[in-house]
Amino acid sequence: MKNERLLLLILAAAMFTHIMDFMIMMPLSPSLMSIFDINAQEFSLLVSSYTITAGVTGFLAAFRIDRYDRKSMMLVMYLGFTLGTLACAIAPSYFFLLMARSVAGAFGGVLGALILSIVSDAIPLERRASALGIVMASFSVASVFGVPFGLFLASKFSWHAPFLFLGMLAALIFVLMFWFIPPLRAHLDTGNGIKKPMEILKNIFGQRSTRLGLTFAAVLTLGHFTIVPFIAAYMVGNVGFSNDELAYIYLVGGALTIFFSPWVGKMADKHGRLKIFTIFGSLVIIPIVIITNMPPTPLWAALIVAGIFFIFSNGRMVPSTTMETAIISPESRGSYMSIRSSVQQLTSGLASFVAGTIISEKASVFGPDAKALVNYGYVGLIAVFFSLVSLWLARKLQVAQGA
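For the sequence shown, position 291 matches number 782 in this note's numbering, and the numbering has no gaps at all.
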């Protein structure tokens, strides 16, 4: 299609706001736990509420997403996400914030599926990993610019400020979507789309390849989101970071991966998606074990480990996502990716909640306001187990005809 680059940049910008909106909650954990006087399990509910509502709406969206122009669906979902994020910016209490996070998640969870569907429809498989590498570089941009800037706003003003910034930026991106993204109807023009809900479910869950794909997505998520929500709290209470120094984790990690993501995409297109996934899916286990068992450590050493985690984690996500877009035909891709998003969101919510029940707290040696986490190492072992299972499942995925 024409203006591929512009389309990818707008989609990457939308993904940036979606990712930053989710990521900013985790480094805000020490502040929110102190301000609202909540424990680790109550904070994990703030994280999981977003993912659980995203999972529910992702499942429901599967019955509609392939019936409409991709642009129209994108505008509706992104508007709801923008309003939900602005609601977070004015939240006066823990309960209000919990509800606002649920609304943002309800719309934001479908965004990822839509963005991946649009890229997969517009870009042929032989160039798709490179295109997804550009869009998924938004994860790195959110880390290197978004989260540190959000934490800067939070430290200078209040925790409300990052969400106000995101809401205003999302409103601007919404206008760009409206004016510059063309109608996207290629999946409708085939005339082969499945319309009835039961047929959609049968098409997705009745095939071994798609069942394996959904299982792969769930396992990969469990290998990631069991540890990620509590990295910030662990670095403050156990390793010795100050709240201001938390920004360095995302700054360093994002800086290392901001150009690395497109490179991984090119390598996946050149050398094979499975090969690149296997390499990085194996290597990421090393920093997972180190991070979840890290004692009080100099800032520079902790940042090296965190940076390696970001690189290897990002390195497995680009090829794995490309592999998943290729196991379903275009006319059913939106429904499948929406179900996949639902599975990912529900699984990440479950992972965060389970991790919150395993982790306990004790007084930290780094100050009266800090809380040290106990049993985080056990959570790390769970992440390692599911990371190993994902390596096995990846070898069973198959490419669909016309993908």
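The C-beta atom is built at its ideal place from N, Cα and C for all residues, glycine as well.
Sequence ranges, alpha helix (DSSP H) only - wholly within the segment 731-812, length at least 4: 737-748, 751-762, 764-774 and 776-782
Roughly how many angstroms lie between the CA atoms of Ser773 and Gly624, to the nearest whole one? 20 Å
Which residues does DSSP list as the beta-bridge partners of Ser851? Val865
Measuring CA to CA, which of Met785, Val890, Ala578 and Gly806 is closest to Tyr869? Met785
Rounding to the nearest angstrom, what Cα-Cα distance links Ala894 and Ala662 in this structure? With a pLDDT of only 49 at Ala894, under 50, the local geometry of the prediction cannot be trusted, and the value read off the model is given with reservation. Rounded to whole angstroms, Ala894 to Ala662 spans 33 Å at the Cα level.
Is there contact between the segment 862-876 and the segment 707-722, where contact requires at least three CB pairs shorter than 8 Å? yes
Per DSSP, what kind of secondary structure is Ala505 in: helix, strand or coil? helix
Helix or strand or just coil, what does DSSP make of Thr701? helix
Per DSSP, what kind of secondary structure is Trp650 in: helix, strand or coil? coil
Alpha-carbon to alpha-carbon, Leu837 and Ser881: 17 Å
What do you reckon, is the C-beta of Ile781 under 8 Å from a heavy atom of the ligand FMN? Absent from the structure shown: the ligand FMN. Ligands present: none.
Can you have a look at Phe554 and say buried or exposed, based on whether 16 or more other CB atoms are within 10 angstroms of its CB? buried
9 Å Cβ cutoff met for Gln835 and Thr712: yes
Relative to the C-alpha of Ala606, which candidate in Tyr541, Leu499, Thr548 and Phe640 has its C-alpha closest? The sequence as given places Ile at residue 606; Ala does not occur at that position. Checked all of Tyr541, Leu499, Thr548 and Phe640; the closest Cα to Ile606 is Leu499.
Secondary structure of Ala662, DSSP reduced to three states: helix
DSSP three-state label for Gln532, please. helix
Closer than 7 Å by C-beta to Thr576: which residues in its own chain qualify, once you throw out the five before and the five after it? Chain order, please. Asp512, Ala595, Phe654, Leu657, Gly658 and Ala661
Distance CB(Ala622)-CB(Ala613) smaller than 9 Å: yes
When you compare each of Thr812, Val755, Leu737 and Phe750 to Ala793 by their alpha carbons, which one comes out closest? Leu737
Pull up the distance between the alpha-carbon of Val727 and that of Met516, whole angstroms please. 15 Å
How many Å lie between His762 and Phe640 at the Cα? 36 Å
Thinking C-beta only, is Ala652 closer than 9 Å to Arg764? no
Rounding to the nearest angstrom, what Cα-Cα distance links Phe598 and Met568 in this structure? 5 Å
Return the chain-ordered list of same chain residues with a C-beta closer than 7 Å to the C-beta of Met564, the five sequence neighbours on each side being excluded. Ile556 and Leu605
Tell me, to the nearest whole angstrom, how far the beta carbon of Thr706 is from that of Ala885; I am working on the premise that it is less than 8 Å. So it is not a contact: roughly 11 Å between Cβ atoms.
Report yes or no: do the segment 743-752 and the segment 538-551 share at least 3 C-beta pairs separated by less than 8 Å? no
Kindly indicate which three-state DSSP category Phe636 falls into: helix, strand or coil? helix
Please determine, among Leu616, Met689 and Gly600, the residue with the shortest C-alpha to C-alpha distance to Phe572. Gly600
What are the boundary residues of the alpha helix (DSSP H) that includes Met726? Segment: none, Met726 is in no alpha helix (DSSP H) and carries neither H nor E.
Backbone secondary structure at Ala894 - three-state DSSP: Per-residue confidence for Ala894 stands at a pLDDT of 49, beneath the threshold of 50, marking its modelled position as unreliable; the derived number appears in the next sentence. Here Ala894 sits in coil by DSSP.
From Lys757 to Cys579, what distance separates their C-alpha atoms? 37 Å
Among Asn729, Glu690 and Tyr585, which one has its Cα closest to the Cα of Leu523? Tyr585
Excluding five sequence neighbours on each side, which residues of the same chain lie with their C-beta closer than 8 Å to the C-beta of Ser733? Val727
With DSSP collapsed to three states, give me the class of Thr717. coil
Under DSSP, the alpha helix (DSSP H) around Lys887 begins and ends at which residues? Looking at the DSSP string, Lys887 is not in any alpha helix (DSSP H), and its letter there is neither H nor E.
Same chain, Cβ closer than 6 Å to Ile898, neighbours up to 5 away in sequence not counted: An answer regarding residue 898 cannot be provided, because it is not within the stretch 492 to 894 covered by the chain.
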